[in-house]
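Protein chains in written order, with our numbering: chain A, 1 to 314; chain B, 315 to 570.
Structure first, commentary second.
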Amino acid sequence: MPRDRLLVLAALLALAALAFMTLGAKGSWSFLLPFRGLRLAALALVGAAVGVATVLFQTVTGNRILTPSIMGFDALYVLLQTALVFLLGGLGYAMLDARPKFLAETGLMMLASASLLGLLLGRGRHDLHRMLLVGVIFGTLFRSLAAFLQRLMDPNAFAVLQGASFASFGSVETDLLALAALLAGAGGAATWRLRHALDVVALGRAPAIGLGVGYDAIGRFTLLIVALLVSVSTALVGPVAFFGLIVASLAHLVVRSPHHAHLLPAAALIGATILVAGQTLFERVLGLQSTLSVVIEFAGGLLFLALLLRARPT
Amino acid sequence: MIEIDRVSHGFGRSPVLRDVSLRIPKGGITALIGPNGAGKSTLLSLMARLIPLQAGRIAFDGLDVSRTPSNELALKLAVLRQDTAIATRLTVRDLVTFGRYPRSGGRPGPEDHAAVGRALAEFDLGSLAGRFLDELSGGQRQRAFVAMTFAQAADYLLLDEPLNSLDLTYARALMHRLRSLADDHGRTVVVVLHDINYAAAWADRIVALREGAVVAEGTPAEVIRPDHLRSIYGVRISVIRHGDAPLALHHLADPG
């Protein structure tokens, strides 16, 4: 039963969180608890946001291989951030308060993705190769534009940008945590209300409209939520390419149900568990720094290739 | 009754439908026929609100498709299209349960489960209910989709070329089921068909389109006549009678 599986996933996450908080604890708890607690919350939030965003994205685009990151969503976020630093100058950007800045970036991100990614809901939706090409081109375009702007910047502005945008699992941006959690929570709540309609959207455009679901409106709204969740995760830990793919594939594998009422919580729990458990393992047990993303990207890349090779031509 | 008033439609600059007005009465099977590019599928998609109307009006029993909320229309009409590729892995029972979505809002109750059970029984899907769609043959999958629209319990059923990619056993069986939907369950079926002989044998009424305009409509005996076929398809086709229905010998060479 999917409900039992969700409980097992929740228990796993609780275990991982306990290990993250307690393993290798040295020094006073009054320092450790808030320090580790903040990082734990950030990792769990990022994992959940990426998982939910990927499942949503795959539902509205009607495939199981592409993810927001593969389609260049987080490259877009980096580009927006770079453009902001470029326009405002290093000093101007650094003087902005982090929170309104994050809000503005998220808003811009939602705007940009809404205008660009309407393409994804068009007629070529079921054409995997076309979607993949669009993603590769967008991703490369965004990354190249960002690199171009970075080259034109003066070194001080570049240093500011580096400090702002190159976070990782090891050094999470915790100052934005509360705001990011609030935004992600709002996005999550909005999608939870659509969970039954999303089941129908997954059937495709014609069947969904036939069943009276506003397919196009829900698709656009969901892509906005995806943009929001990607902004949250990218702001906290930086771009991750294939992590979402692993999480969404595992969620479908574990839940084995077409219902988003089960899929969405499963994806959130699995995403959070992988990041928390993985970070615990690498930092505390193996004593390594900043290698989790490499392993995740490697495994996710292999999975991506396997899915792509197995996909039947459409 | 389906009222289609002065509907015109175009993709880009090329017009697909020109000022089509049509009345399709309630009950029975109405077949839309015509050569490729005549606008049959476009007309059906407009009726099913899959594409928005550019000009004109379409109404089902007085419900205007461009004004009535989509979920209200879902109680009135069900649609089945040819491209039924679904990314989600669904069992037959999951799929048929989706037919209840307009009534259940995604939380099927006892009444909905009963309706799903009836649909599965009606279409001989009882033994396949737990199977995944991708494990079924094309004909079985098609049957599951028709069962879903049956569970939707809408008065009107619109089908776009349902016989494509079905071999003749399945094609006949599907037409038989559509007939029984119309005769035993009082549904109104509108179906786009390529093969005029299927239309002649199973439909009550035929509407023929050519280049976006209605060129003939009426009973099979009224429409399937050499002079009409010539104006629809632009070729000479002999018609003989087989039982009650006309039979077009469209596969033979031009009768000299």
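Ideal placement from N, C-alpha and C gives every residue a C-beta, glycine not left out.
Item, Value
"Any idea what DSSP makes of R524(B), helix, strand or coil?", "strand"
"For the putative contact between L6(A) and T273(A), defined by C-beta atoms under 8 Å, what is the C-beta separation to the nearest angstrom?", "No, L6(A) and T273(A) are not in contact; Cβ-Cβ is about 12 Å, not under 8 Å."
"Name the two residues that bound the continuous alpha helix (DSSP H) containing P339(B).", "Careful: P339(B) lies outside any alpha helix (DSSP H) and carries neither H nor E."
"Which residues, in chain order, does the segment 234 to 260 of chain A contribute to contact with chain B at a C-beta distance below 7 Å?", "P258"
"Spell out a yes or no on whether the segment 34 to 47 of chain A and the segment 11 to 26 of chain A are touching, meaning 3 or more CB-CB pairs, one atom from each, closer than 8 Å.", "yes"
"Out of F243(A), A11(A), L211(A) and A267(A), state which residue places its alpha-carbon closest to the alpha-carbon of H252(A).", "A267(A)"
"So, using beta-carbon positions, are R486(B) and L495(B) closer together than 8 Å?", "no"
"So, A388(B) versus P416(B), is the Cβ gap smaller than 8 Å?", "yes"
"Could you check what DSSP says for G214(A) in three-state terms: helix, strand or coil?", "coil"
"8 Å is my cut-off, CB to CB: does P416(B) come that close to chain A?", "yes"
"Is the Cβ-Cβ distance between L264(A) and V50(A) less than 8 Å?", "no"
"Relative to the C-alpha of P258(A), which residue among A352(B), L523(B), I400(B) and R337(B) is closest?", "I400(B)"
"Relative to the C-alpha of D558(B), which candidate in D518(B), A352(B) and G452(B) has its C-alpha closest?", "D518(B)"
"Give the secondary structure of G244(A) by DSSP, where H, G and I count as helix, E and B as strand, and everything else as coil.", "helix"
"Do L161(A) and T234(A) have their beta-carbon atoms positioned less than 8 Å apart in this structure?", "no"
"Cutting at 6 Å between CB atoms, please list the residues of its own chain near F138(A), excluding the five before and the five after it.", "G72"
"Who are the neighbours of N63(A) on chain B, taking C-beta pairs under 8 Å?", "A401"
"Please report the Cβ distance between Y77(A) and M109(A), rounded to the nearest whole angstrom; I am assuming they are in contact, meaning their Cβ atoms lie under 8 Å.", "5 Å"
"Give the range of the beta strand (DSSP E) segment to which D474(B) is assigned.", "Y470 to D474"
"Please state whether DSSP places A559(B) in a helix, a strand or coil.", "strand"
"Of all the CB atoms in chain A, is at least one closer than 8 Å to the CB of R363(B)?", "yes"
"For T533(B), name the three-state secondary structure that DSSP assigns.", "coil"
"Who are the neighbours of N385(B) on chain A, taking C-beta pairs under 7 Å?", "G212"
"Are the beta-carbon atoms belonging to A522(B) and E536(B) less than 8 Å from one another?", "no"
"Check whether the Cβ of A428(B) lies closer than 8 Å to any Cβ atom in chain A.", "no"
"Nearest chain B C-beta to A202(A) closer than 8 Å, yes or no?", "yes"
"Within the 8 Å Cβ cut-off, does L477(B) reach chain A?", "no"
"Just the C-alpha distance for A184(A) and S479(B), rounded to the nearest angstrom, thanks.", "46 Å"
"Which chain D residues sit within Cβ distance under 8 Å of I225(A)?", "Absent from the structure: chain D. Protein chains present are A and B."
"Quick one: what does DSSP say P349(B) is sitting in, helix, strand or coil?", "coil"
"With a threshold of 6 Å on Cβ separation, who are the neighbours of V226(A) within its own chain once the five nearest residues in sequence on each side are excluded?", "A53, L56, F57 and P68"
"Anything in chain A within Cβ reach of L358(B), meaning under 7 Å, just list it in chain order.", "None at all; the shortest Cβ gap to chain A is about 11 Å."
"Taking 8 Å as the CB-CB cut-off, is A206(A) touching chain B?", "yes"
"Taking 7 Å as the limit between beta carbons, can you name the residues of its chain near V46(A), skipping five residues before and five after?", "S233, L236, V237 and L275"
"With 8 Å as the threshold, decide whether the Cβ of V393(B) is near any Cβ in chain A.", "yes"
"Measuring only the C-alpha atoms, how far is V230(A) from N156(A)?", "27 Å"
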